[in-house]
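Residue numbers (this note's numbering): 10 to 365. For each residue, glycine too, the CB sits at the ideal point set by N, CA and C.
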Amino acid sequence: MQDRVYVCHTFYHVYVACLKEFYIADGGKATLVLSKMSNNFGKMVERAKESPIFDAVYEYDEKEDTFFPELAELKKDSGNIVLNMIKRIKFCKEFGRLQEKYIPIDFKEYKDIYVFCDSDPIGYYLNYKKIPYHAVEDGLDCIRYYDTARYDNRGHFKIKAWMASKGLIHIQNGYGRYCIDMEVNNISVLPYPCDKYVELPRKILTDRLTASEKELMLKLFVDDVEGIKKKVEGNDKTLLVLSEPLCDLDTRVRIFKDIIREYGTIDNTKATVIIKQHPRDLLNYRENFPEAIVLDGSFPMEMLNFIENISFDRLVSVYTVVDSLSFVEDKIYLGDDFMDKYEAPEIHRQNEAITD
């Protein structure tokens with residue numbers, strides 16, 4: 010029996026997996042499984058294999074439901090809630106079964122399984138195989154702003170949650186029968202309760218980090234620490250903008266040009282603009298913002314906390330939660346009111362659509 014395995018879909022997931030490993034520090038071994046479905050981990054895969062943080066590293070060719078044409082009929086609306094639920098029961102089981110051939114390890118060989126974003130196919134697989142696991146929040150306090158479990162299942166939610174608790178269907182974030190618990194950063198900020206929520210503040214994990222542990226994470230995530238320092242040091246006033254894969258590409262350019270125009274002057278001085286690209290944001294920022302310094306998306310922004318002598322005067326984020334960032338004093342979170350100017354509010358105000 011092996012100790013632990015972490016199933017990760019993003020760089021941030023791997024970052025939290027590292028924090029948890031350092032925190033547990035029980036001398037056990039951990040396996041890292043990297044899904045290729047929604048993120049390109051690039052060179053980090055080989056660095057992870059060489060890192061002492063994890064004992065083994067596997068890539069997982071996770072498949073979305075659209076990859077399997079035989080599932081399409083089970084997703085069609087029958088116009089009848091009973092027939093739809095019967096279809097959903099069949100869909101959940103069949104989707105889990107079809108995923109099995111792409112699973113890179115035997116999950117039953119692990120004492121503890123940690124899954125980030127169990128709404129993804131891995132959640133259906135573990136439910137289908139009746140394998141208990143721990144769910145971990147997808148992003149810092151993400152359920153506070155977008156409760157995907159309740160939004161995706163709005164309308165008769167209590168009935169659907171009961172069905173999930175019996176293993177008939179799969180619902181993410183702590184409602185499934187085989188989900189042991191759902192780890193979140195801060196229960197107090199979450200608008201809806203869930204019996205399986207457990208709190209482990211990320212600040213507890215980061216405050217105890219040693220210098221050597223920070224160095225191990227920098228080696229894992231960052232290709233060129235000195236290159237980053239050279240890009241951002243020596244500027245008078247600095248504005249750090251966190252990019253995100255918002256709207257279509259043309260609208261995205263407009264969003265970030267508006268942000269730079271609105272917040273790019275600090276103390277009557279035009280600031281040097283640094284854009285930290287989101288890993289899933291495919292916009293060419295170097296082409297569209299030639300005056301800006303662009304930090305690529307191949308590492309989580311939290312790594313900037315660990316690079317000595319790096320600081321920024323102002324940071325602006327649309328939806329990325331920035332509470333954990335210590336390298337800047339003036340943090341501006343724009344949120345829904347800002348996005349109302351660029352797309353229909355119902356697209357991004359998901360929690361407001363939850364009625365039960």
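Element boundaries [beta strand (DSSP E), containing residue i]
i      : result
LYS246 : Counting along the chain, LYS246 falls outside any beta strand (DSSP E), and DSSP gives it neither H nor E.
MET94  : Per DSSP, MET94 belongs to no beta strand (DSSP E); it is in the alpha helix (DSSP H), 90-108.
ILE122 : 119-125
MET191 : 188-193
LEU199 : It is not in any beta strand (DSSP E) - LEU199 carries neither H nor E in the DSSP assignment.
THR281 : 281-285
ILE62  : Looking at the DSSP string, ILE62 is not in any beta strand (DSSP E), and its letter there is neither H nor E.
GLU208 : 206-208
ILE341 : 337-342
TYR184 : Premise fails: TYR184 is in no beta strand (DSSP E) and is neither H nor E.
ARG13  : 11-17
LEU292 : Counting along the chain, LEU292 falls outside any beta strand (DSSP E), and DSSP gives it neither H nor E.
LEU304 : 302-304
Test item: CB-CB of residue i and residue j under 8 Å
i      : j      : result
PHE1   : LEU80  : Because residue 1 is not part of the residues shown, which for the chain are 10 to 365, the question remains open.
ILE98  : LEU177 : yes
ARG211 : LEU149 : yes
THR40  : ALA57  : no
VAL282 : LEU229 : no
ARG289 : ASN136 : no
TYR69  : TYR24  : no
GLU146 : GLU192 : yes
ARG309 : PHE20  : Looking at the sequence itself, residue 309 is Pro, so the reference to Arg does not match. Yes, these two residues count as a Cβ contact at 8 Å.
VAL330 : ILE341 : no
ILE284 : VAL250 : yes
LYS246 : ALA301 : no
LEU28  : LEU214 : yes
THR260 : TYR351 : yes
HIS381 : ALA173 : The first residue shown for the chain is 10 and the last is 365, placing residue 381 beyond what the model contains.
ASP232 : SER307 : yes
HIS357 : ASP346 : no
ILE264 : LEU255 : yes
GLU208 : ILE189 : no
GLU103 : LEU83  : yes
PRO113 : VAL42  : yes
SER333 : GLU311 : yes
PHE315 : LYS239 : no
GLY105 : LYS138 : yes
Presumed contact (8 Å Cβ cut-off) between residue i and residue j, rounded CB distance
i      : j      : result
GLN286 : VAL303 : 6 Å
THR364 : ARG163 : 6 Å
GLN181 : SER221 : Going by Cβ atoms, the distance from GLN181 to SER221 rounds to 35 Å, so no, they are not a contact pair.
ASP322 : ASP339 : 6 Å
SER44  : VAL16  : 7 Å
PRO141 : TYR184 : At roughly 14 Å, the Cβ-Cβ gap does not stay under 8 Å, so PRO141 and TYR184 are not in contact.
TYR119 : GLN11  : 5 Å
MET46  : HIS18  : 7 Å
PRO253 : TYR328 : The amino acid at residue 253 is misidentified as Pro; the sequence shows Glu. Yes, they are in contact, since the Cβ atoms of GLU253 and TYR328 sit about 6 Å apart, within 8 Å.
Per-residue burial, residue i [other beta carbons within 10 Å of its own, 16 or more giving buried]
i      : result
MET226 : buried
HIS165 : exposed
LEU292 : buried
TYR159 : One point to set straight first is that residue 159 is Arg, not Tyr, in the sequence displayed. Buried, because 16 or more other Cβ atoms sit within 10 Å of the Cβ of ARG159.
PRO130 : buried
VAL91  : exposed
ILE168 : exposed
ALA353 : exposed
SER87  : exposed
VAL198 : exposed
ILE33  : exposed
SER335 : exposed
ALA362 : exposed
GLY132 : buried
GLY273 : buried
ASN194 : buried
GLU59  : exposed
GLU73  : exposed
Endpoints, alpha helix (DSSP H) assigned at residue i
i      : result
HIS357 : 354-357
HIS22  : 20-33
LYS228 : 220-230
VAL327 : From DSSP, VAL327 is part of no alpha helix (DSSP H); its letter is neither H nor E.
ARG163 : Note, ARG163: premise wrong, no alpha helix (DSSP H); not H, not E.
ALA268 : Before going further, note that residue 268 is Ile rather than Ala in the sequence given. Per DSSP, ILE268 belongs to the alpha helix (DSSP H) from 258-272.
TYR134 : 130-138
LYS45  : Neither: LYS45 is in no alpha helix (DSSP H) and is coded neither H nor E.
LEU214 : 211-216
ILE152 : 151-154
TYR142 : Run containing TYR142: none in the alpha helix (DSSP H); it sits in the beta strand (DSSP E), 142-145.
Closer than 7 Å: residue i CB and nearest the ligand FAD heavy atom
i      : result
VAL282 : For the ligand FAD, the structure offers nothing, since it holds no ligand at all.
### Query
Does the segment 115-126 come within contact of the segment 195-204, defined as at least 3 CB pairs closer than 8 Å?
no
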